[in-house]
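Peer 1: Numbering (the numbering used here), first residue to last: 284 to 437. C-beta atoms are modelled at their ideal positions from N, C-alpha and C, and glycine is treated no differently. This is the structure, below, for whatever I ask next.
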């Protein structure tokens with residue numbers, strides 16, 4: 284699996300178009316729908332979560348393991364209700380919908396933030412503050428990853 288790595292800041296034009304970083308487009312090209320970006324409001328941050336079609340398929344498969352009548356299923360399935368499937372144009376751009384720009388407080392610039400199997404889109408100043416908070420928490424708590432092959436922590 285190709286990963287989304289690094290952080291890139293790009294301009295948003297008057298029409299809401301923004302260039303998807305070339306390395307992100309390369310990763311998206313490995314997905315079943317290679318010229319598609321899927322964005323939805325983060326359930327945790329004032330940012331947009333982004334991915335390609337394969338990641339969303341994986342989320343759906345994992346969601347299907349929950350009781351469809353549970354509150355947890357209902358809450359997590361909102362990711363799909365709030366998702367926007369965006370086509371990448373011939374110049375490598377997407378058009379950010381107004382609802383997503385408002386949610387993430389995006390105006391004239393965005394930061395594309397690689398998060399491994401997915402990425403986020405942030406208003407750059409909000410991301411800078413978030414990054415500092417996250418780094419400070421990491422210094423204090425000193426988290427560690429589970430051993431390789433050990434599966435996901437619960």
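Just reading off the alpha helix (DSSP H) that residue 355 is part of, what are its end residues?
Peer 2: The count along the chain shown starts at 1 and reaches residue 355 at position 72. Start and end: 354-359.
Peer 1: Distance, Cα to Cα, residue 326 vs residue 386?
Peer 2: Position 43 of the chain shown, counted from the first residue, corresponds to residue 326. Position 103 of the chain shown, counted from the first residue, corresponds to residue 386. If I take the Cα positions, the gap works out to 11 Å.
Peer 1: Only counting the same chain, and skipping five residues up and downstream in sequence, which positions put a Cβ closer than 7 Å to that of residue 400?
Peer 2: Working through the chain shown from its first residue, we reach residue 400 at position 117. For residue 400, where only same-chain residues beyond five positions count, the Cβ hits under 7 Å are 284, 286 and 338.
Peer 1: Which residue wins for smallest C-alpha separation from residue 345, given the options 356, 336, 352 and 335?
Peer 2: Locating residue 345 in the chain shown gives position 62, counting from the first residue. The shortest Cα separation from residue 345 among 356, 336, 352 and 335 belongs to 356.
Peer 1: Mind listing, in chain order, the continuous beta strand (DSSP E) runs of no fewer than 3 residues lying wholly within the stretch 366-419?
Peer 2: 367-370, 376-378, 392-397 and 402-405, all fully within the stretch 366-419.
Peer 1: If you measure from the CB of residue 311, is any heavy atom of the ligand ATP nearer than 7 Å?
Peer 2: The ligand content of the structure shown is nil, which means the ligand ATP is not present either.
Peer 1: DSSP three-state call for residue 300: helix, strand or coil?
Peer 2: As a working note, residue 300 is residue 17 in the chain shown. Looking at residue 300 - three-state DSSP - the assignment turns out to be strand.
Peer 1: Buried or exposed for residue 416, please, with buried defined as at least 16 other CB atoms from any protein chain shown within 10 angstroms of its CB.
Peer 2: Your numbering for residue 416 matches position 133 in the chain shown. It is exposed - the Cβ of residue 416 has fewer than 16 other Cβ atoms within 10 Å.
Peer 1: Quick check on residue 334: does DSSP put it in helix, strand or coil?
Peer 2: Translated into positions along the chain shown, residue 334 becomes position 51. Note: residue 334 maps to strand in three-state DSSP.
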